[in-house]
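Novice:
Chains as they are written, first to last, in my numbering: chain A, 4 to 279; chain C, 673 to 927.
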C-alpha cells in the first residue's frame with residue numbers, strides 16, 4: 004500500500020482526543036414485534052480512536068453500528084456525533100463513511116466509477132472527483148485496476164475497492180461492519196494492517212464490528228464486548244499496546260492474554276444467556 | 673459445436689423426411705418433401721416476401737410498442753406498492769385472456785386492420801416486459817440500496833444509477849420472450865382478420881393455401897415464420913450479450 008495521502012479537508016486537521024466523536028446515550032433498539040435487539044447502550048468513542056464491537060451473531064453489534072450511521076433510529080435514547088445529532092453531522096462539515104460486510108460494488112461499473120460514486124451522488128464535478136478517486140485507489144494499492152470490473156478482482160481486492168470508496172469522501176468517522184469476514188485469513192490479516200496504516204495516516208476515528216477475537220485484539224485500542232439474546236454490552240477492554248502493531252504482536256504473550264480475557268468474557272456472557 | 677450439432681440433427685431429419693416421402697410416395701397435398709418446399713419458396717418468392725414484410729412490420733411494431741409500454745408500466749408499478757397492487761391484476765387479466773377471443777372485437781372497433789393487428793400482437797407481447805422489468809427494478813442489492821440512502825441519493829439518481837442497471841438482465845429476458853410472443857400475436861391476429869378477407873401477411877397466405885390445397889406453399893410460409901422467430905430470438909440474445917457482457921453472471925464464463 005503506498006503512502007499517498009489526500010489533501011486534508013478544511014475542517015480540523017488536528018485530532019482533539021478529548022473531543023468525543025461518538026456518544027451513544029442509552030440508545031436501544033426494540034423491533035416492532037417486541038424483540039429487544041439491543042438493551043440500552045452507553046458508549047463514548049474519542050476523536051481518532053479505534054474501537055471494535057466484538058460479539059456473536061445476534062448481539063446487536065451491527066444494529067448499534069447502523070444506529071451510529073443514522074441508518075436506523077434508536078427506539079429510545081440518543082446518539083451524538085461530535086456533540087450533534089447524527090443527521091446534523093454533514094452540516095458541521097464532518098463526514099462519515101460506512102463499509103459493508105460485502106463489498107456491495109456495482110457489478111456493471113468499473114472500479115473507478117464505483118469509487119467515485121459517493122462524490123457523484125454529492126454532485127461533484129468530474130474534475131473535482133478524478134484526482135480524489137485516483138488518490139483513494141492509490142491508498143488501497145489498486146491504481147492499476149481502475150478500469151477493471153469488480154468481478155475481475157479477487158474478494159480481497161473487491162473489499163479494498165469498497166474501502167477506497169469509503170475513503171474517497173475524506174471521512175472523519177469510518178464505520179465498518181465485519182468488512183473482512185468473508186475473506187481468507189491471510190488476506191484478512193493483510194487488510195487489517197492496511198487499515199491500521201490508513202487509520203494513522205488519515206487521522207480517522209474508526210468503529211469496527213467483528214466476531215473475530217484475534218482481529219479485535221490486533222486492531223483496536225478498545226474492545227467493546229457484546230452478548231446476544233438480548234443484545235447488550237457486557238464489558239469494555241482497553242488494549243494498551245502501541246501502534247503500529249506487526250506480525251510479532253499476533254504471536255506475543257500479551258496478545259494471547261487479551262484474547263484469553265475476551266474469550267472468557269464472551270463465554271461467561273453466553274452462559275448467562277443460557278441460564279435465563 | 674453449439675451450431676454444428678443442431679445443424680447435423682436438422683440435416684438428418686430433412687434427409688429422413690425426403691426419403692420417407694419419396695419411398696412411401698406420400699402425395700404432395702398431404703406432406704410435401706423438403707425439396708418441393710424449397711422449390712416453392714423460390715417459385716413464390718416475391719409473393720411470400722411481400723407477405724413476410726407485412727407480418728414482420730406488425731411484429732416489430734408490436735414488439736417496440738410492448739417494450740416501451742411495458743417499461744413505462746413497470747416504472748409506474750415500482751413507484752408505489754399501491755399502484756402495483758391496484759393494477760397488476762389487470763395486467764394478468766390481459767395476459768390470460770386468449771387473444772383469439774378478443775381479436776375479433778378489436779378488429780371491429782379499430783377501422784384500420786394493420787393497427788388492429790398491431791394492438792392484438794402488443795397485448796400478447798406486453799406482459800413479460802411488465803413483469804420482468806418490475807421484478808428487475810425491485811431486485812436491487814440491499815447493501816447498495818442502503819449505500820445510496822446513506823449518501824442521500826435522490827430518487828432520480830437511485831433510479832438511474834442503481835435500479836435501471838440492476839433491472840437490465842431481467843428486462844432483456846423479458847424482451848426475448850416478448851419478441852417471440854409478438855410474432856405469435858401477429859400471426860394469430862392475422863388468422864382472425866384473414867377470415868374476413870382483409871389480411872395479406874403470412875398467416876393469410878397459409879389460410880389461402882389451405883383453401884387451395886396448395887400445401888407446399890403452406891409449408892413454405894410456415895418455414896418463413898419459424899425463421900423469423902429464430903432470427904428475432906438470436907438478435908435479442910446478441911443484444912443481451914452486448915449489454916451484459918463483462919458483468920452479469922449469465923453472460924460471463926461463456927465462450
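A virtual CB, placed ideally from N, CA and C, is assigned to each residue, including glycine.
Fair warning: this is a prediction, and the values are worked out from it, not measured in the lab.
Please classify residue 797 of chain C: does DSSP put it in a helix, a strand, or coil?
Specialist: Here residue 797 of chain C sits in helix by DSSP.
Novice: Excluding sequence positions up to five away, which residues of its chain have a Cβ less than 6 angstroms from the Cβ of residue 231 of chain A?
Specialist: So the list reads 59, 61 and 62, once near-sequence residues are dropped.
Novice: How do the stretch 806-822 of chain C and the stretch 742-753 of chain C stand: do at least 3 beta-carbon pairs fall below 8 angstroms, yes or no?
Specialist: The stretch 806-822 of chain C, when compared against the stretch 742-753 of chain C, does touch it at the 8 angstroms Cβ threshold.
Novice: For residue 730 of chain C and residue 833 of chain C, what's the separation of their Cα atoms in angstroms?
Specialist: Taking the straight line joining both Cα atoms gives about 34 angstroms.
Novice: Looking at chain C, is there any beta carbon in it that lies within less than 8 angstroms of the beta carbon of residue 107 of chain A?
Specialist: Cβ-Cβ to chain C under 8 angstroms: yes for residue 107 of chain A.
Novice: Would you kindly work out how many angstroms separate the C-alpha atoms of residue 113 of chain A and residue 916 of chain C, rounded to a whole number?
Specialist: The straight-line gap from Cα to Cα measures roughly 13 angstroms.
Novice: Give, in chain order, every unbroken run of the alpha helix (DSSP H) that is at least 4 residues long and sits entirely within the stretch 869-925 of chain C.
Specialist: Entirely contained in the stretch 869-925 of chain C, the alpha helix (DSSP H) runs reaching 4 residues are, in chain order, 874-883 and 887-916.
Novice: Report yes if the C-beta distance between residue 246 of chain A and residue 203 of chain A is below 8 angstroms; otherwise report no.
Specialist: For residue 246 of chain A and residue 203 of chain A, yes; Cβs fall inside 8 angstroms.
Novice: Flag residue 811 of chain C as yes if its beta-carbon sits less than 8 angstroms from any beta-carbon of chain A, otherwise no.
Specialist: Residue 811 of chain C does not count as touching chain A.
Novice: Residues of chain C with a CB under 8 angstroms from the CB of residue 72 of chain A: which are they?
Specialist: Correct list: 822.
Novice: If we define contact as Cβ-Cβ less than 8 angstroms, is residue 706 of chain C a contact residue for chain A?
Specialist: Residue 706 of chain C does not count as touching chain A.
Novice: Could you give the uninterrupted runs of the alpha helix (DSSP H) lying entirely in the stretch 89-147 of chain A, keeping only those of 4 residues or more?
Specialist: Qualifying alpha helix (DSSP H) stretches, in chain order: 114-124 and 129-142.
Novice: Could you tell me which residues DSSP pairs with residue 79 of chain A in its beta bridges?
Specialist: Paired residue(s): A:31.
Novice: List the whole-angstrom C-beta distance separating residue 103 of chain A from residue 165 of chain A, where the pair is believed to meet the contact cut-off of C-beta under 8 angstroms.
Specialist: Yes, they are in contact, since the Cβ atoms of residue 103 of chain A and residue 165 of chain A sit about 7 angstroms apart, within 8 angstroms.
Novice: Between the stretch 113-126 of chain A and chain C, which residues of the former have a C-beta closer than 8 angstroms to a C-beta of the latter?
Specialist: Here the close residues are 120, 121, 123, 124 and 125.
Novice: In chain order, what residues of the same chain lie with their CB nearer than 7 angstroms to the CB of residue 145 of chain A, ignoring the 5 residues before and after it?
Specialist: Closer than 7 angstroms at Cβ, skipping near neighbours: 114, 160, 163, 164 and 167.
Novice: Using a Cβ cut-off of 9 angstroms, which residues of the stretch 71-94 of chain A contact any Cβ in chain C, in chain order?
Specialist: Result list: 72, 73, 74 and 93.
Novice: Would you identify the three-state DSSP class for residue 84 of chain A, choosing helix, strand or coil?
Specialist: Correct three-state label for residue 84 of chain A: strand.
Novice: Let me know the secondary structure DSSP gives residue 56 of chain A once reduced to three states.
Specialist: Correct three-state label for residue 56 of chain A: strand.
Novice: Checking 8 angstroms against the spacing of the C-beta atoms, do residue 29 of chain A and residue 73 of chain A come in under that value?
Specialist: Not in contact: residue 29 of chain A and residue 73 of chain A (Cβ atoms no closer than 8 angstroms).
Novice: Does the beta carbon of residue 829 of chain C come closer than 8 angstroms to any beta carbon on chain A?
Specialist: For residue 829 of chain C, the answer is yes, since a Cβ of chain A falls inside 8 angstroms of its Cβ.
Novice: Can residue 220 of chain A and residue 270 of chain A be called in contact, C-beta distance under 8 angstroms?
Specialist: Against a cut-off of 8 angstroms, the Cβ pair of residue 270 of chain A and residue 220 of chain A comes out as no contact.
Novice: Could you give the distance in angstroms between the alpha-carbon of residue 869 of chain C and the alpha-carbon of residue 795 of chain C?
Specialist: Unreliable positioning characterises residue 869 of chain C in this predicted model, as indicated by a pLDDT of 49, which lies under 50. The coordinate reading is nonetheless provided below. Taking the straight line joining both Cα atoms gives about 23 angstroms.
Novice: From the DSSP secondary-structure annotation, give me the bridge partner or partners of residue 258 of chain A.
Specialist: None, per the DSSP bridge assignment.
Novice: Using a C-beta cutoff of 8 angstroms, does residue 690 of chain C count as contacting chain A?
Specialist: Closer than 8 angstroms: no.
Novice: Is residue 105 of chain A buried or exposed, if buried means 16 or more other CB atoms sit within 10 Å of its CB?
Specialist: The residue is buried, with at least 16 neighbouring Cβ atoms inside 10 Å.
Novice: When you compare only the Cα positions, how much space is there between residue 261 of chain A and residue 847 of chain C?
Specialist: Residue 261 of chain A and residue 847 of chain C: Cα-Cα distance of roughly 59 angstroms.
Novice: Step through the CB atoms of chain C and report whether any lies within less than 8 angstroms of the CB of residue 110 of chain A.
Specialist: Cβ-Cβ to chain C under 8 angstroms: yes for residue 110 of chain A.
Novice: List the residues of chain A whose Cβ lies closer than 8 angstroms to the Cβ of residue 839 of chain C, in chain order.
Specialist: Those do not exist, as residue 839 of chain C stays about 11 angstroms from chain A at its closest Cβ, beyond 8 angstroms.
Novice: From the DSSP output, read off the bridge partner residues of residue 47 of chain A.
Specialist: BP columns for residue 47 of chain A point to A:26.
Novice: To be precise: take each residue of the stretch 727-753 of chain C, compare its Cβ to all Cβ atoms of chain A, and keep it if any distance is under 8 angstroms. Which residues remain?
Specialist: Under the 8 angstroms Cβ criterion, the stretch 727-753 of chain C contributes no residue.
Novice: Over what stretch of residues does the beta strand (DSSP E) that includes residue 213 of chain A continue unbroken?
Specialist: Residue 213 of chain A -> beta strand (DSSP E) spans 208-213.
Novice: Quick one, which of C:759, C:859, C:782 and C:823 has its alpha-carbon nearest residue 898 of chain C's?
Specialist: Of the listed residues, the one whose Cα sits closest to residue 898 of chain C is C:859.
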